[in-house]
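Numbering (the numbering used here), first residue to last: 764 to 1023.
Reviewing the structure listed below.
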């Protein structure tokens, strides 16, 4: 499967401008032969708290429609957006196939209090995955990366062979981002695709470092600090090979530590 990750600057609150940039990147990804393109966390609004807190069920439907519209011949991991669901705001990712049909909905489980997410959003309470072209894929968002339990569940309960992580991860924590992406790939013997935004937003400096990591923890492809697409092919046979080479997953002993 050919994967494209869209590393982009996000102008806070500029939905029209951010959407047009995302359209260009989606078209470019399709032109590169990608089967799926992923966008960063809150890629349409950024952390524009005023716009986020004004989301209604109606504007939620409109935003979801905009994300589905990106899927003209290519599947989309729709970054994330502020969703009003049942009167509560969530940091939500939707995944759609190339016809725009929804494959998965994921509401961010771990909210980052340092940026005030826990004061604006309600936490999700379930993990999520989808199937595409014979692959089982998991979904996670930014701060989730610090919680290996979520990724283990994606591997076991959802049989994920690739996990997409959409992020707005700023300096000075790039070393943690780089390390944790590789750790999650090694632990779960799967591909990990981390899409981060780039550029300045107020006092926050988003460093990019979007990357695709192999099941052995090697970096298959990586971007620096510039905007653009990261495109690479991932191989199901490599997942199978690594899991047979080092059978760590069946060697787990959850009876000893599962409740933790």
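Here a beta-carbon is modelled for each residue, glycine too, at the ideal position from N, C-alpha and C.
Put simply, of 872, 854, 1016 and 1012 the residue whose alpha carbon is nearest the alpha carbon of residue 811 is 854. For residue 850 and residue 821, the gap between their C-alpha atoms comes out near 11 angstroms. When the Cα atoms are used, residue 801 and residue 839 turn out to be separated by approximately 6 angstroms. Here the stretch 815-831 does not lie against the stretch 890-909, with fewer than 3 beta-carbon pairs under 8 angstroms apart. Of all C-beta pairs linking the stretch 971-979 to the stretch 945-959, three or more are shorter than 8 angstroms, placing the two stretches in contact. Around residue 784, the same chain offers 771 as residues with beta carbons nearer than 7 angstroms, after the five sequence neighbours per side are excluded. Judged by DSSP in its simplified three-state form, residue 821 adopts helix. By alpha-carbon distance to residue 868, the top candidate from 860, 874, 856 and 879 is 856.
In the pairwise beta carbon analysis, the stretch 991-1004 is classified as touching the stretch 937-956: at least three pairs are separated by under 8 angstroms.
Residue 906 is a Cβ neighbour of residue 875, given a cutoff of 8 angstroms. In this structure, the alpha-carbon of residue 766 lies about 14 angstroms from that of residue 858. Distances from the CA of residue 792 to each of 993, 1010 and 932 were compared; the closest alpha carbon is that of 993. Contiguous alpha helix (DSSP H) elements confined to the stretch 780-850 occur at 812-816 and 820-832, taking only those with 4 or more residues. In this structure, residue 968 and residue 1010 do not form a Cβ contact; the two beta carbons are roughly 42 angstroms apart against a cut-off of 8 angstroms. Judged by DSSP secondary structure, residue 932 falls outside any alpha helix (DSSP H); it is assigned neither H nor E.
Ranked by how close their Cα comes to the Cα of residue 990, the residues 963, 837, 882 and 943 have 963 in first place. Around the beta carbon of residue 942, a 10 Å sphere encloses fewer than 16 other beta carbons of the protein chains shown; the residue is thus reported as exposed. If you check the CB distance, residue 899 and residue 921 come in under 8 angstroms. For residue 917, the enclosing alpha helix (DSSP H) stretches over residues 911-919.
About 7 angstroms separates the Cβ atoms of residue 950 and residue 914, confirming a contact at the 8 angstroms cut-off. Between residue 870 and the set 877, 890 and 1008, the nearest pair of CA atoms involves 890. Counting only runs of at least 3 residues, the stretch 936-999 fully encloses the following beta strand (DSSP E) elements, listed from N- to C-terminal order: 954-959, 961-964, 967-970, 974-976, 982-985 and 991-996.
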